[in-house]
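Going by this note's numbering, the first residue of the sequence shown is number 249, and it counts up by one from there.
C-beta: ideal position from N, C-alpha, C; glycine also.
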Amino acid sequence: MRMEAKNSQVKASPVDAQFRVVTEHEAAARLSLGRRTLQDLRLTGEGPPYVKLGARRVGYCISDLQIWAESRRVTSTADQKARA
């Protein structure tokens with residue numbers, strides 16, 4: 249006989265969704281970057297903050313990806329010179 253638990257799935261609130269950690273591959277896709285580019289940005293300290301998940305695995309908080317992308321927004325080529 250198979251028993252099914254009611255309410256076995258916990259629904260995440262909208263706030264929890266912002267702090268969801270995604271893989272390096274998913275983060276690169278969300279930012280429209282290559283995975284290797286994201287790795288290079290992490291190495292130089294120019295990329296978004298990341299979470300160390302293990303000895304050889306990192307993840308990214310969705311909210312950190314959004315903040316990082318917004319911080320790189322420019323309105324003209326003059327803005328890019330000021331950041332360089």
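The three-state reading of DSSP puts T292 in helix, counting H, G and I together. Within the same chain, and ignoring the five residues on either side of F267 in sequence, the residues whose Cβ sits closer than 7 angstroms to its Cβ are C309, S311. When only Cα atoms are considered, T323 and R304 end up about 37 angstroms apart. A326 sits exposed, since fewer than 16 C-beta atoms from the chains shown fall within 10 Å of its C-beta. T271 is bridged by DSSP to G307. Here G302 is exposed. Its C-beta has fewer than 16 other C-beta atoms within 10 Å.
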